[in-house]
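One structure is given here, and the rest of the page talks about it.
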Amino acid sequence: MKTSLFAVSLATLLKSSFSADKMDCGDGVNLCGVLTLASGYGPNEYAASAPYVHGLWPEIDSYGTSECIAPQSTTDPTKLATCYNNGTNNDADQLDFEQHEWEKHGCCAGAEDADDYFDQVCSISTAPLKVMSDSKSSGGDLDAIEKAVTSAGYEVFYKDTQYSQLYLSACAGPDAKWKTSPVADFVKNCGGWDPSNNDDNDATACVTSQHGPACSSDKDCSDITDCVRCASSGYCTDVPLSYTETN
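Taking mature numbering (1 follows the signal peptide of the UniProt record, and there is no 0), I'd label the letters of the sequence shown as residues -19 to -1, 1 to 228.
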């Protein structure tokens, strides 16, 4: 991963480039999303000799039915995660990138803290990255890498041809431990959440990474402190519709 990827992700990558169908977590599943893995064939800062992990993104808001479950601690990461540190990055720039990933995505992933989040990212990305690396080493292009990943049992929810990345379907059960899983198996692999955990109707304002009051339309949220609209989850949110799932 190149050192300026953080700057590129903030400046140029918009969710408009991500045109996959909205992800449905399924009944009794509160957390689902995508594990984004880059092939290294991407342009400019996305070019790399070997595939690498990009991020784990809960599909919240207009991108899916995943809840945004806040961590016990929102403190930014202060050290490089093992799978993000390949020895070629500028440590300061790379840490900036990790902090962006944490603030944009990790703070909705139900992890205990940043260390827990990145430990999980590294853990679940190791095996599929090995498959991608083997395919690329054999001369495989993105299509061949996708075929290899699929043959290995992983579901590719979306293939990003612009930046040469694969988005693998993933979910987390009540223990908030993420795993790769086909969407059709989310309920089997990640179900069993307590419905009472979703009862945020006592909220009186919108707070970052938490549900606001229940709503059925934007009008219901217009006079509530710090709320900007009614999200697809059925709760008011402080996240504007222009929220983008940048890298």
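C-beta: ideal position from N, C-alpha, C; glycine also.
Pairwise C-alpha distance: residue j and residue i
i           : j    : result
C211        : D199 : 5 Å
T218        : D183 : 14 Å
residue 231 : L16  : Any question about residue 231 goes unanswered here, given that the chain covers just -19 to 228.
H192        : Y216 : 6 Å
T142        : T185 : 42 Å
residue 275 : D72  : What is shown of the chain runs -19 to 228, which leaves residue 275 out entirely.
D181        : G154 : A caution first: D181 carries a pLDDT of 45, below 50, which makes its placement in the model unreliable, though a value can still be read off. So the two alpha carbons sit approximately 19 Å from each other.
V168        : P176 : 14 Å
P194        : P58  : 30 Å
K60         : S114 : 25 Å
C152        : Y135 : 13 Å
P24         : D166 : 34 Å
Q146        : D96  : 24 Å
V209        : N66  : 37 Å
E84         : A108 : 26 Å
Within 7 Å, strictly: CB atoms of residue i and residue j
i    : j    : result
E82  : G36  : yes
C6   : T46  : yes
G14  : W38  : yes
Y144 : Y27  : yes
S118 : C64  : no
C88  : I41  : no
V34  : L12  : no
S150 : D94  : no
W174 : G9   : yes
C202 : C196 : yes
A133 : V164 : no
Same chain only: Cβ atoms within 6 Å of residue i, ignoring 5 sequence neighbours per side
i           : result
N170        : S162
residue 230 : Only positions -19 to 228 of the chain appear in the structure, and residue 230 is not among them; the question remains open.
L92         : One detail in the question is off: residue 92 reads as Ala in this sequence, not Leu. Result list for A92: P52 and Y98, in chain order.
A157        : G91
D207        : A186, C187 and D219
Residues of its chain near residue i, where Cβ-Cβ distance is below 8 Å and the 5 sequence neighbours each way are ignored
i    : result
A62  : E79, F99, D100, V102 and C103
I205 : T185, A186, C187, G193, P194 and C217
G172 : G7, D8, G9, V10 and G154
Own chain residues within Cβ distance below 7 Å of residue i, not counting five before or after
i      : result
G121   : A129
F(-14) : Any reading at F(-14) must be qualified, since the residue scores a pLDDT of 40, below 50, and its modelled position is unreliable; no value is offered.
T131   : V137
Whole-angstrom C-beta distance between residue j and residue i, which should lie under 8 Å
i   : j    : result
P32 : L110 : 5 Å
Check: residue i C-beta below 6 Å from any heavy atom of the ligand GDP
i    : result
V102 : By its list of ligands, the structure shown contains no ligand whatsoever, and the ligand GDP lies outside what it can speak to.
Worksheet item: Which parts of the region 128 to 196 are runs of the beta strand (DSSP E), unbroken and 3 residues or longer, counting only runs that do not cross its ends?
Response: 137 to 141, 146 to 153 and 159 to 161
Practice prompt. Only counting runs of 4 or more residues, tell me where the alpha helix (DSSP H) segments fall wholly within the region 27 to 60, in order along the chain.
Written response: Listed in chain order, nothing qualifies, since the region 27 to 60 has no complete alpha helix (DSSP H) run of 4 or more residues.
Item to complete: Return the chain-ordered ranges of every beta strand (DSSP E) run that is complete within the region 66 to 131 and spans a minimum of 3 residues.
Response: No beta strand (DSSP E) of 3 residues or more sits fully in the region 66 to 131.
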